[in-house]
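S.K.:
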Amino acid sequence: MPSKIEGYVRAHDLWRGTQCINLQPSENILSSAVRSVLSSDMAGRYTLRSNEFISNSGAANSYGGTRYMDEVESFGEETASSLFHGAHASLKPLSGHIASLLMIASTCRKGDTIMAVASSDGGYDGYGEGYIPDIFSLKFEALPFNRRKWNLDAEAAATAIRARRPRLVILGQSFILFPYDMKAIHDACTDSGSLLAYDASHVMGLVTGGRFQDPVAEGVDIVVGSTHKSLPGPQGGLFITPDDGIWREFTRNTTWRIIDNAHWNRIAGVAQALYEMKKHGPRYATRIQSNSSSLGRHLTSSGLECRFGELGYSRSHQLLLDETSLGGLGFTFGGMSERLGRDDIVTDTTGRLGTSEVSRLGMGDREMGEVASLVIEALKGMNVKSKANKLRKRFKLHYT
Ligand SMILES: Cc1ncc(COP(=O)(O)O)c(C=O)c1O
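114 is the number of the first residue of the sequence shown in the numbering used here; add one for each residue after it.
The structure is reproduced here in structure tokens:
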């Protein structure tokens with residue numbers, strides 16, 4: 114007899130895993146291999162290898178029985194490193210946010226200034242005043258942003274970096290559509306002695322698929338990010354740096370400072386997802402990009418305008434809805450999410466739509482047309498739940 118908890122989990126898996134169309138850009142579907150390693154015995158085990166900051170009374174590891182977990186971690190680090198041109202790579206951060214904390218702890222000191230995209234321009238809230246900068250007593254400055262192009266104003270950002278000389282400049286956004294032109298910003302960081310970081314939380318699947326931009330090749334000092342948004346891994350974080358000194362500081366700040374155990378079944382799942390990305394990443398990322406422009410076109414031509422059509426809508430897994438156009442259909446972002454959710458079309462309440470999951474299912478231009486029609490019909494008051502369930506059931510997971 115399954116427990117109440119098992120019942121809830123099964124009901125959730127059936128509903129979200131086989132019936133819903135998910136358009137939330139922060140989520141993805143795990144492959145069956147990733148799910149299988151997640152349920153491994155490793156979920157209850159420890160390993161702690163010695164390094165220059167951790168001595169285990171002369172032993173290589175403070176725990177016994179770790180041989181396979183240590184192989185898994187090494188394999189995952191090598192795979193991540195090869196996707197980022199041989200840079201040092203760690204799968205230990207428990208999430209994108211923890212990777213960011215490790216980055217700040219490893220680079221900044223009390224009173225330093227960090228510059229990042231403001232949350233009012235789609236930047237990550239965590240970098241703004243009241244959040245991570247408060248913990249470390251840092252000052253926050255917003256990077257100049259061009260809202261008409263939904264991109265950094267690279268020249269103005271370079272000028273601001275030269276004027277402020279921040280310790281750390283963090284590129285990346287929670288609402289991200291287009292790659293950045295990093296050259297001018299990189300040059301300004303070099304001139305100012307500032308470190309340049311790239312938070313790839315949202316676009317990790319596109320970056321590792323080689324279809325967005327290549328931060329390490331473009332000269333950044335650190336890449337951090339989530340492993341579960343456009344990258345189809347379990348929830349977790351990555352920390353990447355080509356710099357030996359930053360890697361040493363990261364190592365110092367990891368065990369017993371920001372992390373103790375690193376959840377080894379999760380690390381096995383992330384390693385497996387990275388391995389799958391090495392095989393299928395380019396095709397998956399290409400499909401995401403074509404689906405984003407396609408869904409943008411279909412929604413706009415059906416009466417719900419997506420922003421930045423003149424720029425092709427998006428080069429990422431996200432689309433931004435036009436609030437006025439949605440208002441014309443009688444909805445706010447939150448109201449839309451609630452209405453679509455009733456018919457098993459899952460969106461968040463921020464006015465973003467995401468195409469990672471529909472792309473993972475192998476959907477293409479024709480299905481983006483169907484998804485757009487379902488969204489519009491639901492917003493016009495029709496019940497589209499069974500149509501949404503049928504569309505979802507026609508597709509199985511790809512790129513695994
Ligand atoms: C740009 C960015 N950085 C960091 C994070 C935090 O990631 P996580 O939820 O994996 O901790 C987010 C979360 O949405 C994000 O959008």
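All residues carry an ideal CB built from backbone N, CA and C; glycine is no exception. Bear in mind the structure is a predicted one, so any value in this text is a computation, not a measurement.
In chain order, what residues of the same chain have a beta carbon less than 6 angstroms from the beta carbon of Arg278, not counting five sequence neighbours either side?
M.R.: Cβ neighbours of Arg278 beyond the five flanking positions: Ser305.
S.K.: Report the three-state DSSP secondary structure of Phe352 (helix, strand or coil).
M.R.: It is a strand residue.
S.K.: For the alpha helix (DSSP H) that contains Val185, what are its first and last residues?
M.R.: Per DSSP, Val185 belongs to the alpha helix (DSSP H) from 180 to 196.
S.K.: Heavy atom of ligand 1 less than 7 angstroms from the Cβ of Gln286, yes or no?
M.R.: Flag set: Cβ of Gln286 near ligand 1.
S.K.: If you follow the alpha helix (DSSP H) that Phe363 is part of, which residue opens it and which one closes it?
M.R.: From DSSP, the alpha helix (DSSP H) with Phe363 extends over 357 to 367.
S.K.: Cα separation between Gly171 and Leu204?
M.R.: Cα to Cα, the separation comes out at about 25 angstroms.
S.K.: Where Gln132 and Leu412 are concerned, what is the direct C-alpha to C-alpha distance, given to the nearest angstrom?
M.R.: Their Cα atoms are separated by approximately 22 angstroms.
S.K.: Answer with buried or exposed for Asn169, where buried requires no fewer than 16 other C-beta atoms within 10 angstroms of its C-beta.
M.R.: Asn169 is exposed by the Cβ-count criterion.
S.K.: What number of angstroms, rounded off, separates the C-alpha of Gly285 from the C-alpha of His511?
M.R.: Between Gly285 and His511, the C-alpha separation is close to 27 angstroms.
S.K.: For Asn378, does the three-state DSSP call read helix, strand or coil?
M.R.: Helix.
S.K.: Helix, strand or coil for Glu165, going by three-state DSSP, please let me know.
M.R.: Coil.
S.K.: Hey, is the segment 382 to 392 in contact with the segment 450 to 463, meaning 3+ C-beta pairs nearer than 8 angstroms?
M.R.: With the cut-off at 8 angstroms, the segment 382 to 392 and the segment 450 to 463 do not touch.
S.K.: For Leu214, which residues in the same chain have their Cβ closer than 6 angstroms to its Cβ, ignoring the five residues on either side in sequence?
M.R.: Cβ within range, chain order: Ile371.
S.K.: Please state if the CB of Ser153 and the CB of Asn374 are separated by a distance shorter than 8 angstroms.
M.R.: No, they are not a contact pair.
S.K.: Using the Cα positions of Pro246 and Gly349, report the straight-line distance between them to the nearest angstrom.
M.R.: Rounded to the nearest angstrom, the two C-alpha atoms are 22 angstroms apart.
S.K.: Just checking His430 against ligand 1 - is the residue's beta carbon closer than 7 angstroms to any of the ligand's heavy atoms?
M.R.: Outside the cutoff, so no.
S.K.: In the DSSP output, which residue or residues are listed as bridge partners for Thr308?
M.R.: It should be noted that the sequence gives Leu, not Thr, for residue 308. Answer is Leu281.
S.K.: Indicate the three-state DSSP secondary structure (helix, strand or coil) for Cys221 in the structure shown.
M.R.: If DSSP states are grouped into helix, strand and coil, Cys221 belongs with coil.
S.K.: Three-state secondary structure (DSSP) at His299?
M.R.: It is helical.
S.K.: How big is the Cα-Cα spacing for Thr272 and Asn264?
M.R.: Thr272 and Asn264: Cα-Cα distance of roughly 16 angstroms.
S.K.: Three or more C-beta pairs under 8 angstroms: does that hold for the segment 476 to 496 against the segment 351 to 369?
M.R.: Not touching, per the Cβ criterion.
S.K.: Relative to the alpha-carbon of Asp312, which residue among Ala229, Ala276, Arg261, Asp300 has its alpha-carbon at the smallest distance?
M.R.: Checked all of Ala229, Ala276, Arg261, Asp300; the closest Cα to Asp312 is Ala229.
S.K.: Does Ala520 pass the burial test, meaning 16 or more other C-beta atoms within 10 Å, or should it be called exposed?
M.R.: Residue 520 is absent from the structure shown; the chain starts at 114 and stops at 513.
S.K.: Using DSSP bridges, identify the partner residues of Val337.
M.R.: Beta-bridge pairing links Val337 to Asp312, Phe352.
S.K.: Please confirm if the segment 409 to 428 is in contact with the segment 224 to 238, defined as three or more CB-CB distances below 8 angstroms between the two stretches.
M.R.: At 8 angstroms Cβ cutoff, the stretches do not touch.
S.K.: Let's test the definition: count the other Cβ atoms within 10 Å of the Cβ of Ser139 and tell me whether it reaches 16, buried, or not, exposed.
M.R.: By the 10 Å Cβ count, Ser139 comes out buried.
S.K.: At a cut-off of 7 angstroms, is Ser314 close to ligand 1 when judged by its beta-carbon and the heavy atoms of the ligand?
M.R.: Ser314: yes, Cβ under 7 angstroms from ligand 1.
S.K.: Would you mind reading off the limits of the beta strand (DSSP E) that contains Phe291?
M.R.: Premise fails: Phe291 is in no beta strand (DSSP E) and is neither H nor E.
S.K.: Tell me Glu254's beta-bridge partners as DSSP assigns them.
M.R.: In the DSSP output, where bridge partners are listed per residue, Glu254 has Met228.
S.K.: My output table needs one value for Ser144: the three-state DSSP class, helix, strand or coil.
M.R.: Of the three classes helix, strand and coil, the one that applies to Ser144 here is coil, per DSSP.
S.K.: Classify Trp128: buried if its beta carbon has 16 or more other beta carbons within 10 angstroms, exposed otherwise.
M.R.: Classification of Trp128: exposed, given that the 10 Å Cβ count is below 16.
S.K.: Using 7 angstroms as the cut-off, classify the Cβ of Gln137 as near or not near the heavy atoms of ligand 1, replying yes or no.
M.R.: Checking every heavy atom of ligand 1 against the Cβ of Gln137, none is found closer than 7 angstroms.
S.K.: Just to check, is the beta-carbon of His376 closer than 7 angstroms to a non-hydrogen atom of ligand 1?
M.R.: His376 Cβ: outside cutoff for every heavy atom of ligand 1.
S.K.: Would you say the beta carbon of Gly318 comes nearer than 7 angstroms to a heavy atom of ligand 1?
M.R.: No; taking the cut-off as 7 angstroms, the Cβ of Gly318 has no heavy atom of ligand 1 nearer than that.
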